[in-house]
Each structure stands twice: as structure tokens, then as C-alpha cells.
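Novice: Under the working numbering, the first residue of the sequence shown carries the number 27, and numbering increases by one thereafter.
One structure, as C-alpha cells, below. Some questions next.
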Amino acid sequence: MTKRSINLLPEQYRFDLRKYAAFKIFKSVMLANIIILIAIFSVDKYTQLKMNNMIIEKENKIKEIQKLNQSVLAYETEKKKLEDVISKLTATEKIYTSLFNTNVSYFIDMSRTLDLIKEGIYINKLSYSDGVVNMSAVATNPKSFYHFYKNLENTTYIADKRFYNLTEEGGVYNFSVVIRYRGLNE
């Protein structure tokens, strides 16, 4: 026989092992739920802070990239402007080069002719046609005429020179000269 004890307490105050175990389990589950909720909220808060920091970093990088993009666009427009200027200058250079290197260049040939004339030579008549200069002039003394003649002799860009009507009247020399300039092929 087993010995049983008699409990004289009313039913509501008696110790019930089932209720005790259920209460302990309930308490443990509640504590575990609270701990899990705290952990979830902590991890969520930590993740949220990390995400906010990442968003701020990404926004800063986006702003930096936008600034760089604006700089690149400014440089590209400046580059296009400079390329346009360079192309215009290149076209102008080609024009000047062609004018300089052809034998029909009025400006270059006349400039060269006038460079040959020094003190004491006065031009009466000057004409130009297809690389040939016709000139009538007066030399005030023999020395001036001699210097003009030597300048014609020493130039490399003159193909041919011919003097006509060389006359002297009272120490003044009247003369006509035809000067043909060299072209590219000569």
C-alpha cells in the first residue's frame, strides 16, 4: 500500500503539479519570446543604422559622381570648342600655306619685291601677273642701283630677271625690270 497524504486545504489553494508545470513553461516561453523580440529589435535597429549609413555613403558617392560628370561635360564642351578652333586654324593654315607656296601669290611676291628695294630707289610703275612683276623705277645714284641689282642676284626665290631701258640722266638711273618668281616646281 502506498501512503497517501491527505490535503485539508481547499481545492483552490492546493498545489497542482500540472498547473505549476504549465505556469513554469508559460514563464519560460514568455521569457524566451521577450528575449527573441529584444534580439529581433536590436538586430533590426543595428541593420537600420547600417542601412542609413550605407544610404548616406551612396548618396555622397552619387553627388561626387554627378560633380565629376558635370566636370567631364564641361571639359567635353571645352574640348569641342577647342577642336572647332583647331579645325578653323588648320583650314586657315592650309590657305596661307597654299598662298605662300604657289607662284601666283600676289601678296607674297609683291612683299618680296618691296623687300628688295632699299634707299635711293623710287618706283614709277609696278604691275603683277602670274608670278611676274613688271617695274619701272628710278635710282638716285649708282650705289643704290648696284645694291638693288645685288639683292636681285642673291635671292633664291627669283627664277629670272631682265633689265630693259637702262638710261642715265644727270646721275639718275631710269630702268625697267621684269622679275619672274619661282613656283613650287622650279
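Backbone N, C-alpha and C define an ideal beta-carbon position, used for all residues, glycine too.
On a CA-only basis, which of I205, I149, Q96, Y122 is nearest D156? Give me that one, please.
Specialist: Here residue 156 refers to the residue found at position 130 when the sequence shown is read from its first residue. Answer by Cα proximity: I205.
Novice: Would you report the Cα separation of D141 and Y175, rounded to the nearest angstrom?
Specialist: In the sequence shown, residue 141 corresponds to position 115, counting from 1. In the sequence shown, residue 175 corresponds to position 149, counting from 1. The alpha-carbon atoms of D141 and Y175 are separated by roughly 13 angstroms.
Novice: For the region 92 to 163, list the alpha helix (DSSP H) runs that are entirely contained and at least 4 residues long, ordered along the chain.
Specialist: 132 to 142
Novice: With 16 other CB atoms within 10 Å as the buried threshold, where does I91 fall?
Specialist: The count along the sequence shown starts at 1 and reaches residue 91 at position 65. A residue is called buried when at least 16 other Cβ atoms come within 10 angstroms of its Cβ; I91 does not meet this threshold and is exposed.
Novice: When the distance is taken between beta carbons, is G146 closer than 8 angstroms to A165?
Specialist: Position 139 of the sequence shown holds residue 165. Position 120 of the sequence shown holds residue 146. It is a contact, given that the beta carbons lie within the stated cut-off.
Novice: Whose C-alpha, out of K84, S162, E102, R208, is nearest the C-alpha of M182?
Specialist: Position 156 of the sequence shown holds residue 182. The amino acid occupying residue 182 in the given sequence is Thr; Met does not appear at that position. The candidate whose alpha carbon is nearest that of T182 is R208.
Novice: What does the Cβ neighbour count give for Y39, buried or exposed, with the cut at 16 atoms within 10 Å?
Specialist: For the purposes of this step, residue 39 is taken as the residue at position 13 of the sequence shown. Looking at its Cβ environment, which holds fewer than 16 other Cβ atoms inside 10 Å, Y39 is exposed.
Novice: Indicate whether at least one CB of chain B lies closer than 8 angstroms to the CB of K106.
Specialist: Of the protein chains in this structure there is only one, and it is not chain B.
Novice: Applying the criterion that 16 or more other CB atoms from any shown protein chain within 10 Å of the CB defines a buried residue, is V130 buried or exposed?
Specialist: The residue you call residue 130 lines up with position 104 of the sequence shown. Unreliable positioning characterises V130 in this predicted model, as indicated by a pLDDT of 48, which lies under 50. The coordinate reading is nonetheless provided below. Flag for V130 reads exposed.
Novice: By Cβ distance below 6 angstroms, which residues in the same chain neighbour L152 in space, the five residues on each side in sequence not counted?
Specialist: In the sequence shown, the residue the question calls residue 152 occupies position 126. Closer than 6 angstroms at Cβ, skipping near neighbours: M161.
Novice: For D186, name the three-state secondary structure that DSSP assigns.
Specialist: Taking the first residue of the sequence shown as position 1, residue 186 is located at position 160. D186 sits in a strand when the DSSP states are folded into three classes.
Novice: Can you have a look at V159 and say buried or exposed, based on whether 16 or more other CB atoms are within 10 angstroms of its CB?
Specialist: If you number the sequence shown from 1, residue 159 lands on position 133. V159 comes out buried.
Novice: Out of curiosity, what's the CA-to-CA distance linking A100 and L75?
Specialist: The sequence position of residue 100 within the sequence shown is 74, counting from 1. The sequence position of residue 75 within the sequence shown is 49, counting from 1. Whole-angstrom Cα-Cα distance: 37 angstroms.
Novice: Buried or exposed: which applies to S97, given that a residue is buried once 16 or more other Cβ atoms fall within 10 Å of its Cβ?
Specialist: Working through the sequence shown from its first residue, we reach residue 97 at position 71. Result: exposed.
Novice: If you draw a straight line from the alpha carbon of I82 to that of T73, how long is it in whole angstroms?
Specialist: The residue labelled residue 82 in the question sits at position 56 within the sequence shown. The residue labelled residue 73 in the question sits at position 47 within the sequence shown. So the alpha carbons of these two residues sit roughly 14 angstroms apart.
Novice: Shortest alpha-carbon distance to N180 belongs to which of L115, K84, R138, K105?
Specialist: Here residue 180 corresponds to residue number 154 of the sequence shown, with the count starting at 1. Among L115, K84, R138, K105, the Cα nearest to that of N180 is on R138.
Novice: Are S170 and K144 closer than 8 angstroms when you measure CB to CB?
Specialist: Position 144 of the sequence shown, counting from 1, holds the residue named residue 170. Position 118 of the sequence shown, counting from 1, holds the residue named residue 144. In this structure, K144 lies closer than 8 angstroms to S170 by Cβ.
Novice: Using only the alpha-carbon positions, how far apart do L178 and K187 sit?
Specialist: Taking the sequence shown and counting its residues from 1, one reaches residue 178 at position 152. Taking the sequence shown and counting its residues from 1, one reaches residue 187 at position 161. Distance between the alpha carbons of L178 and K187 is about 8 angstroms.
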